[in-house]
DNA sequence: TCCTTATACGGAGGCTGCCTCCGTTTAGCA
DNA sequence: TGCTAAACGGAGGCAGCCTCCGTATAAGGA
């Protein structure tokens, strides 16, 4: 074996366990929030606690990895939806996915907001920009198809969506309410 | 001794220890946030952990007691400031005290926002209303003195203050910035 | 195919905090 | 001064945090 390979690929078991841990953490942190038990995450992933700590030295590392994973999923989804023939429907689907994420991963979002470090701020900035770009592409597509008002911006959509989510979150049944209001908003953006 | 006294006053040691615990919790929770150690609170108060749990059966009971204590302090301050000859200065002092509270008790506020129960929502509603009333009285006083625009509302002030606090909080030095912006805002409300 | 070893795994163990339970102490009434 | 309801304190059992180190294994080279 090559004894000195500074940038070697991670071993296959390491890669697999990392994925397992992130999947488990999605569920456990999403429900339990900032105080959720990391031993519980390791148990659900079927790995030892030592493995968890090797991959994610601190609680924040794990939170960040999960968050990044989720947001990159949304970015991927936006890219896929650019194939869609109906640009407005594409936007609607994408926003539904985003609201669903806020709904199921509430604990995670609270956890992220509790521990704000320089590091997490940088990540947040980077991901926000990429997300906004992905949505802007969807908007442009719909505008080009002639089904959306040409003065629409990605920020209009994102700000409205997050404002609705956060203003409504505590009540039960808020998700349906927000989706209804979003539909109205999107209809308002249609070329008549 | 009267064995059957359903609504007896708490014993003096109980009252004293309750105060000691709230004082200690102010510091410990203000710094440590939601995850702060309750044993640490008891140690700082100089009482046993059992005593803490008798007075505050859950972490939330303690959080709520501290929060109520702080907000009632602000309400008392507003009442005292009604004696002040200069209504605008009184408002300014009061808002400075409020910003200082946000600055030193950040951990507490985060803790309160993480665990939202029916109970805490009711308390929050009640205290918000009383706080708004106290500020409204200060505003009316200043208006009556002819030093403040007569269309000013307590909500204008409170919303502006909290929006500034929460939008700015993470940066270092935010407190001075917020105080400066608040001063400008209050000057804007002066009758010229 | 097998050997070698860098890489990764798992969980025991020490520590801290949570919360309960109960024996001890004390405030305050008569 | 005596009595007792009320309050105190901390031991103890349990759970989670994180580290450390002996064991297992993936994968490059012979």
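Residue numbers (the working numbering), protein chains in the order written: chain A, 981 to 1172; chain B, 981 to 1172. Cβ atoms here follow ideal geometry from the backbone N, Cα and C, with glycine treated the same way. Here the structure is a predicted model, which is why all the values come from computation and not from measurement.
Residues that residue i bridges to, as DSSP identifies them
{"i": "residue 1170 of chain A", "result": "A:1128"}
Same chain, Cβ closer than 8 Å to residue i, neighbours up to 5 away in sequence not counted
{"i": "residue 1078 of chain A", "result": "1054 and 1141"}
{"i": "residue 1088 of chain A", "result": "1006, 1009, 1010, 1013, 1043, 1046, 1047 and 1050"}
{"i": "residue 1074 of chain A", "result": "1054, 1057, 1058, 1061, 1115 and 1118"}
{"i": "residue 1161 of chain A", "result": "1144"}
Buried or exposed by the 16-neighbour rule on C-beta atoms within 10 Å, applied to residue i
{"i": "residue 1085 of chain B", "result": "buried"}
{"i": "residue 998 of chain A", "result": "buried"}
{"i": "residue 1019 of chain B", "result": "exposed"}
{"i": "residue 983 of chain A", "result": "For residue 983 of chain A, the predicted structure reports a pLDDT of 43, less than 50, and the residue's modelled location is therefore unreliable. A value from the coordinates is still provided. So residue 983 of chain A counts as exposed."}
{"i": "residue 1010 of chain B", "result": "buried"}
{"i": "residue 966 of chain A", "result": "The first residue shown for chain A is 981 and the last is 1172, placing residue 966 of chain A beyond what the model contains."}
{"i": "residue 1102 of chain A", "result": "exposed"}
{"i": "residue 1016 of chain A", "result": "buried"}
{"i": "residue 1070 of chain B", "result": "buried"}
{"i": "residue 981 of chain A", "result": "Note that residue 981 of chain A scores a pLDDT of 44, beneath 50, so its modelled location is shaky and nothing firm can be said."}
{"i": "residue 1067 of chain B", "result": "buried"}
Residue i, DSSP secondary structure in three states
{"i": "residue 1069 of chain B", "result": "helix"}
{"i": "residue 988 of chain A", "result": "coil"}
{"i": "residue 1036 of chain A", "result": "coil"}
{"i": "residue 1063 of chain B", "result": "coil"}
{"i": "residue 1098 of chain B", "result": "helix"}
{"i": "residue 1028 of chain B", "result": "coil"}
{"i": "residue 1085 of chain B", "result": "coil"}
{"i": "residue 1077 of chain A", "result": "helix"}
{"i": "residue 1152 of chain B", "result": "coil"}
{"i": "residue 1140 of chain B", "result": "helix"}
{"i": "residue 1134 of chain B", "result": "helix"}
{"i": "residue 1017 of chain A", "result": "coil"}
Beta-carbon gap between residue i and residue j smaller than 8 Å
{"i": "residue 1062 of chain B", "j": "residue 1125 of chain B", "result": "no"}
{"i": "residue 1002 of chain B", "j": "residue 1041 of chain B", "result": "no"}
{"i": "residue 1072 of chain B", "j": "residue 1164 of chain B", "result": "no"}
{"i": "residue 1000 of chain B", "j": "residue 1076 of chain B", "result": "no"}
{"i": "residue 1091 of chain B", "j": "residue 1155 of chain B", "result": "no"}
{"i": "residue 1059 of chain B", "j": "residue 1109 of chain B", "result": "no"}
{"i": "residue 1081 of chain B", "j": "residue 1112 of chain B", "result": "no"}
Residues of its chain near residue i, where Cβ-Cβ distance is below 6 Å and the 5 sequence neighbours each way are ignored
{"i": "residue 1169 of chain B", "result": "1128, 1129 and 1132"}
{"i": "residue 993 of chain A", "result": "none"}
{"i": "residue 1119 of chain B", "result": "1132 and 1134"}
{"i": "residue 1095 of chain A", "result": "1040"}
Own chain residues within Cβ distance below 7 Å of residue i, not counting five before or after
{"i": "residue 1004 of chain A", "result": "1021, 1024 and 1025"}
{"i": "residue 1116 of chain B", "result": "1134"}
{"i": "residue 1171 of chain B", "result": "1126, 1127, 1128 and 1129"}
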